[in-house]
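Basically our numbering = 1-based index in the sequence shown + 195.
Glycine residues also receive a C-beta, built at the ideal position from the N, C-alpha and C atoms.
So the structure is just underneath, and the comments pick up after that.
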Amino acid sequence: MTWNVIVFESERGEKLVEEFIKSLSPSTKAKVIHGIDLLEKHGPYVGMPHTRKVSNLLYELRVRGKEVSFTDLKRRSKKLH
């Protein structure tokens, strides 16, 4: 089963997650992209050290001190914040 990763877009059309990822160093950016690839393949079930459940519907993608929050939408999609 594959998961659809959706990047949150504000009412003004801003995609802050994409801007955040672009601001990272090349090595950290590659690790975040790898983590997103894992989410697409396994959803929130990747587990530590890559993902961690924060609350009932909120998770975080963890990459060496850089966290990206995500939520489970309809059990098939992940929305990055």
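Residue state for residue 204 is assigned as coil, using DSSP reduced to three classes.
Judged by beta-carbon spacing, residue 257 lies within the 8 Å limit of residue 247, meaning their Cβ atoms are closer than that value.
Pairing residue 245 with residue 231, the inter-Cα distance amounts to about 10 Å. In the structure shown, the three-state DSSP call for residue 261 is strand. The alpha-carbon of residue 234 is positioned some 7 Å away from that of residue 200. Collapsing the DSSP output to three states places residue 235 in a helix.
For residue 217, the enclosing alpha helix (DSSP H) begins and ends at 211–218. A straight-line Cα-Cα distance of about 24 Å links residue 212 and residue 196.
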